[in-house]
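What follows is one structure encoded as structure tokens, with my remarks underneath.
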Amino acid sequence: MKKRWMLVSLISVACAQVPMQPEAHGYKVSGYLLGQSDTELPYLLLDKGCFSGNKLPGGRVVKDQVELWGVWGDLGPHQPQVNFAKEMVVFVYAGELPTAGYNLQLTGIDETDGELVVKGEVLPPAPGRPVAQVVTSPYLVIKLPRSAKEVRWEI
């Protein structure tokens with residue numbers, strides 16, 4: 121039992137999981153992303169972790185509280201406050217990766233007349249650094265202004 125708890129602790133550290141107050145740990149949690157369209161989209165990082173359970177890269181847009189309860193359930197008990205009349209929640213998934221140490225970084229959100237393109241980059245573990253031999257699936261959860269546009273993912 122003690123060994124299992126230690127392994128889970130090591131995996132959590134190795135995956136750089138961020139608690140619900142990411143700003144307290146030095147993560148950039150809000151700002152503006154400039155895409156190719158030069159349109160600024162404000163965002164707020166709600167959560168970041170390494171065990172989304174999604175095997176493929178991509179994402180999901182959540183526009184109501186009931187759907188958020190269903191999707192957020194696997195991430196933990198503390199759901200963010202969202203005004204769904206004005207905002208939406210976007211989950212970004214890196215897909216399944218062979219070890220710990222990978223990180224998913226949001227690199228841009230392009231807004232065109234017909235769609236939003238959410239861009240992310242999977243960063244590999246640092247060279248020569250030991251990593252836990254466990255399958256991970258990094259994710260980000262961000263809050264954006266509500267939009268009726270289709271969302272496309274580039275991970």
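Letter by letter, the sequence shown follows residues 121 to 275 in this note's numbering. Where is the CB? At the ideal position from N, CA and C, for every residue including glycine.
Check	Outcome
So what does DSSP say about Leu195, is it helix, strand or coil?	coil
Among residues of its own chain, excluding the 5 on either side of Pro218, which ones have a beta-carbon nearer than 7 Å to its beta-carbon?	Val255
Taking the alpha-carbon of Gln225 as reference, which of Tyr213, Glu235, Thr232 and Glu231 has the nearest alpha-carbon?	Tyr213
Between Val242, Ala268 and Val251, which has its C-alpha nearest Gly234's C-alpha?	Ala268
Within the same chain, show all residues whose beta-carbon is closer than 8 Å to that of Glu274, passing over the 5 residues directly before and after it, in chain order.	Val237, Val238, Lys239 and Gly240
Under the three-state reduction of DSSP, which class applies to Gln185: helix, strand or coil?	helix
Between Gly221 and Pro245, how many whole angstroms is the CB-CB distance? I'm expecting something under 8 Å.	3 Å
Between which two residues does the beta strand (DSSP E) containing Lys206 stretch?	It is not in any beta strand (DSSP E) - Lys206 carries neither H nor E in the DSSP assignment.
For Val271 and Leu176, what's the separation of their Cα atoms in angstroms?	16 Å
Using the C-alpha atoms, what's the distance from Gly228 back to Val191?	23 Å
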